[in-house]
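Structure, as structure tokens:
Residue numbers (my numbering), protein chains in the order written: chain W, 1 to 241; chain B, 242 to 482.
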């Protein structure tokens, strides 16, 4: 049994405004919540609609969990976590930078990819979707607990990083022919407009994925997957796990 | 103005059962509908809520379009198209085969990738989500009009194809070290269970994407992106566009 006020407070975390105000976010699903409990993130409330799924959780009814949930198909476990203090960028290894990615599924998938490919951090322009949005978290599959996601004014940050930035763009050089350094920044643009003009000015080079068919473009998360794979392939100094 | 019955009939196309019964499917959005009009697919009804977007379309109110739409954010154009006769598989070049992919966004993204990388056809096991599902179509961005998608009993089809099948699997050989032929089949498993045991028996080899971080797995569409890129990179006989 949960107080109505508590449910209301948890529901408010569906919205970015209240997440910022309360400094909290909501994670759903046994897998995601368990992964976050094993990360440095601090849990402030755990709820489960079945006994034995998660020992530390408060037992609630399915109806209560449904009220708290931001998902169309609520799972059996829900956790409230503290939003961590934003890290400062570290200029070593590879960084993924996102210029206005709006779709929560795309951002979550890109954070998961960054984790898979051992990317140091994900930088987001201020108009990129909030990484603590429940749909983003869902798509990260727990990687949000391992990869620092940092919101910054992208142009200035690229300019002062001291690292070469490579932007994904249809008219760029085919990525397979580009010699990539050990340390750098891969920049991906928004779903509808690609890279913004001001960000383009800060790039060392634009790179493209060769096409062999007729599709006009690739989704930003799949383009990111290919480019991250290619930059790992191209920098053999890195340890494969 | 559209008759209530017509709206009801169009709404029924949100469900696979009625799509099969009527032999029709629904496409939404100016870009998608325009792409399909430029494909060999046959249009059976076009609706627009604004004049001048699509000349051939019947003008309807926004409320009417909202009633027809399967999307949470309806666009201004909607088309009804005839489901084409299923093609027969052709065993030349590369084929993408999907073993139980359930998420509409993933299937649509994979069809778009197949189009980008000039894949000959997409084979789907019977338990793969329907490719004429409105969310699949949305994610294909029009590629559904260019790439044949064929539902088949996957095991038998692989067995009789005469081509080597390469399955994506975490314990497979790192894909960068595998010599890939000019013609073959790339097989991807389902989001939750990977490749089924019966499909595994028909494979020539399993291949994996090397990991450099801590994420447990990759989303099936991003894994597909990397493997399709790699097989194009590895078969230089192909023409890049």
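Where is the CB? At the ideal position from N, CA and C, for every residue including glycine.
>> By alpha-carbon positions, which one of W:113, W:71, W:92, W:36 ends up nearest to residue 80 (chain W)?
In response: Proximity to residue 80 (chain W) across W:113, W:71, W:92, W:36 peaks at W:36, based on C-alpha coordinates.
> Does any C-beta atom of chain B lie closer than 9 Å to the C-beta of residue 75 (chain W)?
Replying inline: At least 9 Å separates the CB of residue 75 (chain W) from every CB of chain B.
> What's the call for residue 302 (chain B), buried or exposed, on a 16-neighbour Cβ count within 10 Å?
Replying inline: For residue 302 (chain B), the number of other beta carbons within 10 angstroms of its own is below 16, and it is reported as exposed.
>> Here's a check: name, in chain order, each residue in its chain whose Cβ is nearer than 6 Å to the Cβ of residue 215 (chain B), leaving out the five neighbours to either side.
In response: This structure does not reach residue 215 (chain B), given that chain B is present from 242 up to 482, and the question cannot be answered.
> If we ignore side chains and look at the alpha-carbon of each, how far apart do residue 292 (chain B) and residue 312 (chain B) end up?
Replying inline: Approximately 21 Å between the Cα atoms of the pair.
>> Using a Cβ-Cβ cutoff of less than 6 Å, which residues in the same chain neighbour residue 399 (chain B) once the five nearest sequence positions on both sides are dropped?
In response: The residues 406, 443, in chain order, have a CB closer than 6 Å to that of residue 399 (chain B) in the same chain once the five nearest residues on each side in sequence are set aside.
> Using CA coordinates, which residue listed in W:154, W:220, W:126 is at the minimum distance from residue 170 (chain W)?
Replying inline: For the residues W:154, W:220, W:126, the minimum Cα distance to residue 170 (chain W) belongs to W:220.
> Do you know whose CA, among B:376, B:459, B:245, lies nearest residue 117 (chain W)'s CA?
Replying inline: Ranked by Cα distance from residue 117 (chain W), the first of B:376, B:459, B:245 is B:459.
> Under 9 Å between C-beta atoms, does residue 353 (chain B) make it to chain W?
Replying inline: Residue 353 (chain B) has a beta carbon lying within less than 9 Å of a beta carbon in chain W.
> Per DSSP, what kind of secondary structure is residue 321 (chain B) in: helix, strand or coil?
Replying inline: DSSP places residue 321 (chain B) in strand when its eight states are reduced to three.
>> Using C-beta distances below 6 Å, list every residue in its chain close to residue 370 (chain B), excluding the 5 sequence neighbours before and after it, in chain order.
In response: Taking residue 370 (chain B) as the centre and dropping the five residues before and after it, the same chain places the C-beta of 343, 345, 348 closer than 6 Å to its C-beta, in chain order.
> Tell me the DSSP bridge mates of residue 370 (chain B)?
Replying inline: DSSP output for residue 370 (chain B) lists no bridge partner at all.
>> If we require 4 or more residues per run, which alpha helix (DSSP H) segments fall completely within the segment 255 to 306 of chain B?
In response: The segment 255 to 306 of chain B contains these whole alpha helix (DSSP H) runs: 257 to 263, 271 to 278.
>> Assuming contact is defined by CB atoms lying nearer than 9 Å, are residue 210 (chain W) and residue 250 (chain B) in contact in what I supplied?
In response: At a Cβ-Cβ threshold of 9 Å, residue 210 (chain W) and residue 250 (chain B) do not count as neighbours.
> If residue 416 (chain B) sits next to residue 448 (chain B), beta carbons under 8 Å apart, how far is it from one beta carbon to the other, in whole angstroms?
Replying inline: With 8 Å as the limit, residue 416 (chain B) and residue 448 (chain B) qualify as a contact, their Cβ atoms being about 4 Å apart.
>> Please tell me whether, using a cut-off of 8 Å, the distance from the CB of residue 303 (chain B) to the nearest non-hydrogen atom of the ligand MN is below it.
In response: In terms of ligand content, the structure shown is empty, and the ligand MN therefore cannot be addressed.
>> How far does the alpha helix (DSSP H) with residue 139 (chain W) in it extend, from its first residue to its last?
In response: 134 to 140 is the span of the alpha helix (DSSP H), which, as asked, contains residue 139 (chain W).
>> Buried or exposed, going by whether 16 or more other CB atoms sit within 10 Å of the CB of residue 269 (chain B)?
In response: Buried: at least 16 other Cβ atoms inside 10 Å.
> If you draw a straight line from the alpha carbon of residue 470 (chain B) to that of residue 380 (chain B), how long is it in whole angstroms?
Replying inline: Distance between the alpha carbons of residue 470 (chain B) and residue 380 (chain B) is about 19 Å.
> Checking contacts by CB at 9 Å: is residue 91 (chain W) closer than that to chain B?
Replying inline: With 9 Å as the cut-off, residue 91 (chain W) does not count as an interface residue toward chain B.
>> Considering Cα atoms alone, identify which of B:435, B:271, B:246 is closest to residue 366 (chain B).
In response: Put simply, of B:435, B:271, B:246 the residue whose alpha carbon is nearest the alpha carbon of residue 366 (chain B) is B:435.
>> Would residue 149 (chain W) and residue 185 (chain W) qualify as a contact pair, given that the criterion is a beta-carbon distance under 9 Å?
In response: Going by C-beta atoms, residue 149 (chain W) is not nearer than 9 Å to residue 185 (chain W).
> residue 180 (chain W) by DSSP, collapsed to three states: which one?
Replying inline: Here DSSP, grouped into helix, strand and coil, assigns residue 180 (chain W) to coil.
> For the segment 210 to 237 of chain W, which residues have a beta carbon sitting closer than 9 Å to at least one beta carbon of chain A?
Replying inline: Going by chain labels, chain A is absent from the structure shown, which instead holds the protein chains W and B.
> My guess is that residue 205 (chain W) and residue 178 (chain W) are in contact by the Cβ rule of under 8 Å, so how many angstroms apart are they, rounded?
Replying inline: With a Cβ gap of about 7 Å, residue 205 (chain W) and residue 178 (chain W) count as contacting.
>> On a Cα-Cα basis, can you pick out the residue from B:247, B:422, B:421, B:361 that is closest to residue 308 (chain B)?
In response: Of B:247, B:422, B:421, B:361, the smallest CA-CA separation from residue 308 (chain B) is found for B:247.
>> Taking only three categories from DSSP, how would you classify residue 335 (chain B)?
In response: It is a strand residue.
> Between residue 253 (chain B) and the rest of its own chain, which residues show a CB-CB distance below 6 Å, the 5 nearest in sequence each way excluded?
Replying inline: So the list reads 259, once near-sequence residues are dropped.
> So, is residue 40 (chain W) buried or exposed, given that buried needs 16 or more other C-beta atoms within 10 angstroms?
Replying inline: Counting of Cβ neighbours within 10 angstroms places residue 40 (chain W) among the exposed residues, the total staying below 16.
> Alpha carbon to alpha carbon, how far is residue 372 (chain B) from residue 22 (chain W)?
Replying inline: Taking the Cα positions, residue 372 (chain B) is about 42 Å away from residue 22 (chain W).
> For chain W, is any of its Cβ atoms less than 9 Å away from the one on residue 356 (chain B)?
Replying inline: Judged by the 9 Å Cβ criterion, residue 356 (chain B) is in contact with chain W.
> For the alpha helix (DSSP H) that residue 229 (chain W) lies in, which residues bound it at each end?
Replying inline: Element bounds for residue 229 (chain W): 220 to 233.
> Once you ignore the five residues that flank residue 114 (chain W) on each side, which residues in its own chain have a CB closer than 6 Å to its CB?
Replying inline: Excluding the 5 residues flanking it on each side, residue 114 (chain W) has same chain C-beta neighbours closer than 6 Å at 96, 122, 147, in chain order.
> Is the CB-CB distance between residue 168 (chain W) and residue 189 (chain W) below 9 Å?
Replying inline: Remark: C-beta atoms of residue 168 (chain W) and residue 189 (chain W) approach each other more closely than 9 Å.
> Which one of B:286, B:393, B:374 has the shortest CA to CA distance from residue 331 (chain B)?
Replying inline: Ranked by Cα distance from residue 331 (chain B), the first of B:286, B:393, B:374 is B:393.
> With a CB to CB cut of under 8 Å and the five nearest residues on each side skipped, what residues in its chain are close to residue 386 (chain B)?
Replying inline: Cβ contact annotation for residue 386 (chain B) (same chain, cutoff 8 Å, sequence separation greater than five): 276, 277, 279, 280, 281, 282, in chain order.
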